[in-house]
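Residue numbers (full-length UniProt numbering): 1 to 360.
Please read the structure below before turning to the comments.
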Amino acid sequence: MMKGLKKWRLFSLLAALTIFLSGCGEEYLSTLTPAGQVGRDQYNLLLLSSAIMALVILVVVIIYVLALVKFRRSKVGENVIPKQVEGSHTLEIIWTVIPIILLLILAVPTVAYTYKHADVAGMSEVNEEGNKTAVTVNVTAKLYWWEFEYPDLGIVTAQELVVPTNEKVYFNLKAADVKHSFWIPTAGGKMDTNVENVNQFYLEFDKESAGLKDGVFYGKCAELCGPSHALMDFKVKTLDRKDFDAWVESAKSTEHVAQGDLATQGEEIFNTSCIACHATSAAGTAGSMGPNLGTFGDRNRVAGFMDHDKENLKAWINDPQSYKPGNVMPQPEAINNGDKFSEEQLDALAEYLMGLSVEK
1 MMKGLKKWRL FSLLAALTIF LSGCGEEYLS TLTPAGQVGR DQYNLLLLSS
51 AIMALVILVV VIIYVLALVK FRRSKVGENV IPKQVEGSHT LEIIWTVIPI
101 ILLLILAVPT VAYTYKHADV AGMSEVNEEG NKTAVTVNVT AKLYWWEFEY
151 PDLGIVTAQE LVVPTNEKVY FNLKAADVKH SFWIPTAGGK MDTNVENVNQ
201 FYLEFDKESA GLKDGVFYGK CAELCGPSHA LMDFKVKTLD RKDFDAWVES
251 AKSTEHVAQG DLATQGEEIF NTSCIACHAT SAAGTAGSMG PNLGTFGDRN
301 RVAGFMDHDK ENLKAWINDP QSYKPGNVMP QPEAINNGDK FSEEQLDALA
351 EYLMGLSVEK
């Protein structure tokens with residue numbers, strides 16, 4: 001009876017696991033739904049390695065089953081000893097050569113793709129006017145947010161990366177504090193961001209993100225970096241080249257002017273409490289203490305993981321440590337003369353920040 005119950009428990013566990021796994025494969029997040037050539041190359045390597053492993057398992061199982069069937073006691077009797085093959089040169093050659101062949105089958109495309117994806121020579125190419133032809137993004141990972149600088153375009157954003165489709169986008173990756181890792185699962189494998197050196201690679205995106213859930217691809221930090229590592233997310237918005245160029249021009253030229261009395265009040269509070277750490281224009285250079293807020297109204301999330309609405313924004317401003325422990329954003333008492341922001345002040349700040357947009 002107990003054996004039967006254990007079997008049913010195992011079956012129930014496997015059934016539940018199947019249900020959980022069925023949630024994998026979301027187009028905006030999963031490595032199993034590649035969104036560009038780099039992701040497809042790596043996905044093909046995954047399929048190849050899985051096929052080789054499955055073949056090895058299948059051959060071993062077949063040999064195992066044949067041995068069980070051929071030499072079962074009921075067929076050959078009690079005292080039969082099968083022919084011993086220990087020390088067989090033929091078998092030793094077979095099980096040495098076959099793994100070497102399988103490893104070569106896997107190694108050749110792996111090495112080829114490794115060198116292909118490490119080729120960032122296109123980052124330096126220029127046109128007849130001397131302008132860079134490819135989009136380059138300087139990514140700086142910080143506790144616990146992401147800064148994106150477009151050095152050739154004069155733009156800085158945070159938490160939401162905007163890139164063109166159907167072309168290579170090059171990345172310079174570094175960290176400002178501890179080691180992090182830059183990962184957009186649908187676009188390609190992760191790359192570490194280090195304090196002591198800059199890593200470089202490129203990614204490609206085939207389609208615009210507008211049709212996806214939330215209208216963005218998801219990015220993650222893939223290196224344990226502190227108590228809020230799991231919340232160190234960013235989003236990726238992909239646009240066709242024409243729309244991307246329009247976004248660039250808007251980001252470079254938009255001057256934010258508070259609209260309405262409440263937003264104006266919020267701007268005044270911001271300029272006395274927050275301006276030391278946060279810029280409110282996407283035009284400029286990197287290096288702010290806090291995220292650039294020039295495109296805050298266009299973002300998909302507050303603090304990288306909370307729904308993008310005023311209530312969550314107010315909650316974040318009022319107590320950032322309770323949402324992302326270990327982050328460097330000061331508590332409101334430190335920037336508001338020792339007091340928490342009042343509800344009226346929070347409403348004003350939320351109204352102002354939600355109006356910081358280059359897309360509306």
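Note that the Cβ used here is the ideal one computed from N, Cα and C, for glycine as well.
Bear in mind the structure is a predicted one, so any value in this text is a computation, not a measurement.
Problem set entry | Host beta strand (DSSP E) of Ile155 (start-end) | Ile155 to Ala158
For this session: Report all residues from its chain with a CB closer than 8 angstroms to the CB of Met1; omit the five preceding and five following residues, and keep chain order.
Result: The pLDDT assigned to Met1 is 49, lower than 50, so where the model puts this residue is not dependable, and the model offers no usable value.
Exercise. Mapping DSSP to helix, strand and coil, what is Met232?
Worked result: coil
Problem set entry | Residue range of the unbroken alpha helix (DSSP H) whose run includes Leu46 | Gln37 to Lys70
Exercise. Taking the C-alpha atoms as reference points, what is the distance between Tyr113 and Gly122?
Worked result: 16 angstroms
Problem set entry | Simplified DSSP assignment, three categories, for His278 | coil
Exercise. Which residue from Ser209, Cys221 and Asp307 puts its Cα closest to that of Asp243?
Worked result: Ser209
Exercise. Hey, quick one: how far does the alpha helix (DSSP H) through Gly266 stretch, first residue to last?
Worked result: Asp261 to Ser273
Exercise. Since His117 is in the beta strand (DSSP E), which residue starts that stretch and which ends it?
Worked result: Run containing His117: none in the beta strand (DSSP E); it sits in the alpha helix (DSSP H), His89 to His117.
Exercise. Pro185 to Lys83, Cα distance in whole Å?
Worked result: 52 angstroms
Problem set entry | Length of the line joining the Cα atoms of Leu46 and Val97 | 23 angstroms
Exercise. So, using beta-carbon positions, are Thr193 and Phe182 closer together than 9 angstroms?
Worked result: yes
Problem set entry | Boundaries of the beta strand (DSSP E) in which Glu204 is found, first to last residue | Asn199 to Glu204
Problem set entry | Element boundaries [alpha helix (DSSP H), containing Leu353] | Glu343 to Met354
For this session: Apply the 10 Å Cβ neighbour rule to Gln159 and answer buried if 16 or more other Cβ atoms are within range, or exposed otherwise.
Result: buried
Problem set entry | The alpha helix (DSSP H) enclosing residue 445, as first and last residue numbers | Because the chain in this structure spans residues 1 to 360, residue 445 falls outside the shown range and cannot be described.
Exercise. In its own chain, which residues sit with a C-beta less than 6 angstroms from the C-beta of Ser273, not counting the 5 before and 5 after it?
Worked result: Ile335 and Asn336
For this session: Rank Gly188, Ala222, Ala187 and Leu173 by C-alpha distance to the C-alpha of Val198 and give the top, closest one.
Result: Leu173
Exercise. How many whole angstroms separate the CB atoms of Thr295 and Thr157, which I take to be in contact at a CB cut-off of 8 angstroms?
Worked result: 5 angstroms
Exercise. Relative to the C-alpha of Pro151, which residue among Glu223, Gly287, Thr254 and Val302 is closest?
Worked result: Gly287
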